[in-house]
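First comes the structure, then the notes that go with it.
Protein chains in written order, with the numbering used here: chain A, 27 to 198; chain B, 435 to 861.
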């Protein structure tokens, strides 16, 4: 394992910031293309070591992500009417490993979220934060569209992963 | 005129109408109406904590969460903090988690294993069956008899377990748990028999919180009227991908039923349990067939949501508990239940299916929770006198023993819940 170069670090950071922006812009179909075909999005609960056998907040394959995006963009998903507006803040990025083809990046992700609408209605008009630590396992990609990287695994451990969660129907 | 009698100040429901219990529910054969102040009135909420949660049998744990002597978990019965522990003799205790000295919670861990609980404040200690173990620095500190009432932590009046489900009550006059279950018991047996080897095993829960009253979740789990509308987005999504879940099919709504029970329990049932591929389904049926005859196997495979008044749902993949935190804040926990005596792949499929539908980021669950917030807003209306839960009155079938059978979109479950609720609140 070698120390990541400035160029590599910048490249990975830009990729993560772009992922965050796509989610904030609700460019969700483009967001789907940031993963490898077997890419996984995983949000464990305490003690989830094997997500096929133990519960987790989510454990999404490509098919699951596609269904999630479809439900958000193309159906009357009640929990997202009105739709959440988000600001994804990605910081504390550390490149933990690199080889020629793969990188692991750790980051802090804080999502500021609001369901716009009349604050006189319960559940609307209140900004909330959802915090987590993310680990991205990335592979180099050739395509221009990916920004040089694809996600083979995105793991987010929410600060409140073993506490009650409210509406997590948008994409963290 | 000089009045000598003190006029009783009755709480009002905010609509200028004095609130008697009798004003909260109308039940006359054509109409079943409930005042929406049941979701907003603080006095009523306090009354519920006493008259519902301290009198009824309340679900607190599953035996699979407390397998070894010394295992414990902490939770609440209404707003009463409790420790549920398996003592060294193997019995399950429900202890009030409040030190007899100066009220500190003696245990703040959610789970663990311990022979004793020592209050971190002044060191008073209790065995895991609640008995007082010791008062720190006691010698010479108290007059004779000063601690005469302190024999240990307070306890629930009764603790009983049925098919692995642990319930407690704070009412020493309560009937037995089996009596409380009444006619729902045979359905609970069918539910528990889903695990070929008794009993299933609970895994750590998905946890949710919503801004609404606890009774909304109680009403919703056996509500067969809403899925086609509220969960339309889930159906459309699955249809689009050609993976329409049999568990989400309209079978439940077409051939299903609801039931209401005089003890306040309720059921929504219909369609096949779980979504298993044909090979796994065959393996599952074979495992069941080793213990039960064919007729019973078919009955076991019916998908059920069983509500046991006042706080727990037994569902096809999970046990769902309802924890009131305040009048308009409720925590819900959904514990996936692993079946025992089956191919592990069956549990993997069931977990994936449950989590996708009803997990923390599921495509069905959040819609229900958002609707509860919407109901909480609407129930603040001063114009909305009544909620109408009359659907199906006049076409229910009375099966005897206080069990009513009706169509899946009928509001028999909600009426059963509110009739028992009303009976206890008015007492």
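Beta carbons: idealized from backbone N, C-alpha and C, even for Gly. Please read these numbers as outputs of a predicted model, since none were measured by experiment.
Could I get the ranges of all uninterrupted alpha helix (DSSP H) runs contained in the stretch 766 to 829 of chain B, with 4 residues as the minimum, in chain order?
Listed in chain order, the complete alpha helix (DSSP H) runs (minimum 4 residues) inside the stretch 766 to 829 of chain B are 778 to 792, 799 to 812.
Return helix, strand or coil for residue 45 of chain A, following the three-state DSSP convention.
Here residue 45 of chain A corresponds to residue number 19 of the first chain, with the count starting at 1. Correct three-state label for residue 45 of chain A: helix.
Whole-angstrom Cβ separation of residue 766 of chain B and residue 754 of chain B, contact assumed at under 8 angstroms?
Numbered from its first residue, the second chain carries residue 766 of chain B at position 332. Numbered from its first residue, the second chain carries residue 754 of chain B at position 320. Right, the Cβ-Cβ distance comes to about 6 angstroms (below 8 angstroms), so this counts as a contact.
Which residue wins for smallest C-alpha separation from residue 862 of chain B, given the options B:481, B:491, B:479, B:523?
Lying outside 435 to 861, the shown extent of chain B, residue 862 of chain B is not represented and no answer is given.
Look up residue 760 of chain B in the DSSP assignment and give the residues it is bridged to.
Residue numbering aside, residue 760 of chain B sits at position 326 when the second chain is read from its first letter. Answer is B:763, bridged to residue 760 of chain B.
Around the C-beta of residue 675 of chain B, are 16 or more other C-beta atoms found within 10 angstroms, so that it is buried, or is it exposed?
Within the second chain, the letter at position 241 stands for residue 675 of chain B. So residue 675 of chain B ends up on the exposed side.
Per the contact definition of three or more C-beta pairs closer than 8 angstroms, is the stretch 481 to 489 of chain B in contact with the stretch 603 to 618 of chain B?
Taking 8 angstroms as the limit for Cβ pairs, the verdict is that the stretch 481 to 489 of chain B does touch the stretch 603 to 618 of chain B.
Going by DSSP in three states, residue 602 of chain B sits in which element: helix, strand or coil?
As a working mapping, residue 602 of chain B is identified with position 168 in the second chain. If DSSP states are grouped into helix, strand and coil, residue 602 of chain B belongs with the strands.
Could you round the C-beta distance between residue 38 of chain A and residue 129 of chain A to whole angstroms and report it? I think they count as a contact, below 8 angstroms.
Your numbering for residue 38 of chain A matches position 12 in the first chain. Your numbering for residue 129 of chain A matches position 103 in the first chain. Right, the Cβ-Cβ distance comes to about 6 angstroms (below 8 angstroms), so this counts as a contact.
Between which residues of its own chain and residue 599 of chain B is the CB-CB distance below 7 angstroms, once the five residues before and five after are set aside?
Locating residue 599 of chain B in the second chain gives position 165, where the first residue counts as 1. Excluding residues within five positions, the ones whose Cβ falls inside 7 angstroms are 493, 496.
In its own chain, which residues sit with a C-beta less than 6 angstroms from the C-beta of residue 680 of chain B, not counting the 5 before and 5 after it?
For the purposes of this step, residue 680 of chain B is taken as the residue at position 246 of the second chain. Its pLDDT being 49, under 50, residue 680 of chain B is placed unreliably in this model, and the value from its coordinates should be taken loosely. 706, 709.
Hey, would you say residue 793 of chain B sits closer than 8 angstroms to residue 696 of chain B, going by beta carbons?
Position 359 of the second chain, counted from the start, is the residue given in the question as residue 793 of chain B. Position 262 of the second chain, counted from the start, is the residue given in the question as residue 696 of chain B. Not in contact: residue 793 of chain B and residue 696 of chain B (Cβ atoms no closer than 8 angstroms).
Is the distance from the Cβ of residue 632 of chain B to the Cβ of residue 722 of chain B below 8 angstroms?
Translated into positions along the second chain, residue 632 of chain B becomes position 198. Translated into positions along the second chain, residue 722 of chain B becomes position 288. Contact: no.
In chain order, what residues of the same chain lie with their CB nearer than 7 angstroms to the CB of residue 725 of chain B, ignoring the 5 residues before and after it?
Walking along the second chain from the start, residue 725 of chain B turns up at place 291. Around residue 725 of chain B: 630.
Using the Cα positions of residue 748 of chain B and residue 582 of chain B, report the straight-line distance between them to the nearest angstrom.
By one-based count along the second chain, residue 748 of chain B stands at place 314. By one-based count along the second chain, residue 582 of chain B stands at place 148. The straight-line gap from Cα to Cα measures roughly 43 angstroms.
Run down chain A in chain order and give the residues with a C-beta less than 8 angstroms from the C-beta of residue 664 of chain B.
Position 230 of the second chain, counted from the first residue, corresponds to residue 664 of chain B. The contacting residues are 104.
Quick one: grab the DSSP three-state call for residue 587 of chain B.
Within the second chain, numbered from 1, the residue matching residue 587 of chain B stands at position 153. DSSP places residue 587 of chain B in coil when its eight states are reduced to three.
Could you name the residues of the same chain whose beta carbon sits closer than 6 angstroms to that of residue 135 of chain A, not counting the 5 residues immediately before and after it, in chain order?
Position 109 of the first chain, counting from 1, holds the residue named residue 135 of chain A. For residue 135 of chain A, where only same-chain residues beyond five positions count, the Cβ hits under 6 angstroms are 116, 158, 160.
Taking only beta-carbon atoms, is residue 785 of chain B less than 8 angstroms away from chain A?
For this step, residue 785 of chain B is matched to residue 351 along the second chain. Yes - at least one Cβ of chain A is within 8 angstroms of the one on residue 785 of chain B.
Should residue 842 of chain B go down as buried or exposed, given a rule of 16 or more other Cβ atoms within 10 Å for buried?
Along the second chain, one-based indexing puts residue 842 of chain B at 408. Flag for residue 842 of chain B reads buried.
Beta-carbon of residue 118 of chain A versus every beta-carbon of chain B: anything under 8 angstroms?
Taking the first residue of the first chain as 1, we reach residue 118 of chain A at position 92. Cβ-Cβ to chain B under 8 angstroms: no for residue 118 of chain A.
Just to confirm my understanding: we take residue 516 of chain B, look at its own chain, exclude 5 residues before and 5 after, and list those with CB closer than 8 angstroms. What are they?
Here the question's residue 516 of chain B lines up with position 82 in the second chain. For residue 516 of chain B, where only same-chain residues beyond five positions count, the Cβ hits under 8 angstroms are 494, 508, 509, 510, 528, 529, 530, 531, 590, 602.
Taking only beta-carbon positions, decide if residue 125 of chain A is within less than 8 angstroms of chain B.
Working through the first chain from its first residue, we reach residue 125 of chain A at position 99. Judged by the 8 angstroms Cβ criterion, residue 125 of chain A is not in contact with chain B.
Starting from residue 624 of chain B and walking both ways along the alpha helix (DSSP H), at which residues does that stretch end?
As a working mapping, residue 624 of chain B is identified with position 190 in the second chain. That run of the alpha helix (DSSP H) goes 619 to 626.
Out of B:728, B:548, B:639, B:481, state which residue places its alpha-carbon closest to the alpha-carbon of residue 561 of chain B.
In the second chain, residue 561 of chain B corresponds to position 127, counting from 1. Ranking B:728, B:548, B:639, B:481 by Cα distance to residue 561 of chain B puts B:548 first.
In the structure shown, what three-state DSSP assignment does residue 855 of chain B receive?
If you number the second chain from 1, residue 855 of chain B lands on position 421. Reduced to three states, the DSSP call for residue 855 of chain B is helix.
Taking just the CA atoms, how far does residue 796 of chain B sit from residue 650 of chain B?
The sequence position of residue 650 of chain B within the second chain is 216, counting from 1. The sequence position of residue 796 of chain B within the second chain is 362, counting from 1. Their Cα atoms are separated by approximately 19 angstroms.
Between which two residues does the beta strand (DSSP E) holding residue 466 of chain B run?
Counting from 1 along the second chain, the entry for residue 466 of chain B is found at position 32. Residues 466 to 468.
Just verifying my parser: in three-state terms, what is the DSSP assignment at residue 716 of chain B?
To locate residue 716 of chain B, count along the second chain from 1; it is residue 282. In this structure, residue 716 of chain B counts as helix in the three-state DSSP scheme.
Does the stretch 458 to 474 of chain B come close enough to the stretch 816 to 830 of chain B that 3 or more CB-CB pairs lie under 8 angstroms?
Yes: at least three Cβ pairs fall under 8 angstroms.
Across which residues does DSSP place residue 124 of chain A in a beta bridge pair?
Sequence index remark: in the first chain, residue 124 of chain A carries index 98 (1-based). According to DSSP, which records beta bridges pairwise, residue 124 of chain A is partnered with A:129.
Beta-carbon of residue 83 of chain A versus every beta-carbon of chain D: anything under 8 angstroms?
Among the protein chains in the structure shown, which are A and B, there is no chain D.
For residue 196 of chain A, does the three-state DSSP call read helix, strand or coil?
To locate residue 196 of chain A, count along the first chain from 1; it is residue 170. Coil, per DSSP.
Contact defined as beta carbons within less than 8 angstroms: I believe residue 701 of chain B pairs with residue 640 of chain B. What is the distance between those atoms, to the nearest angstrom?
Within the second chain, the letter at position 267 stands for residue 701 of chain B. Within the second chain, the letter at position 206 stands for residue 640 of chain B. About 22 angstroms; that fails the 8 angstroms criterion.
Under 8 angstroms between C-beta atoms, does residue 42 of chain A make it to chain B?
The sequence position of residue 42 of chain A within the first chain is 16, counting from 1. It does not: the Cβ of residue 42 of chain A has no partner Cβ on chain B nearer than 8 angstroms.
For the beta strand (DSSP E) containing residue 166 of chain A, name the first residue and the last one.
Taking the first chain and counting its residues from 1, one reaches residue 166 of chain A at position 140. Counting along the chain, the beta strand (DSSP E) containing residue 166 of chain A begins and ends at 154 to 166.
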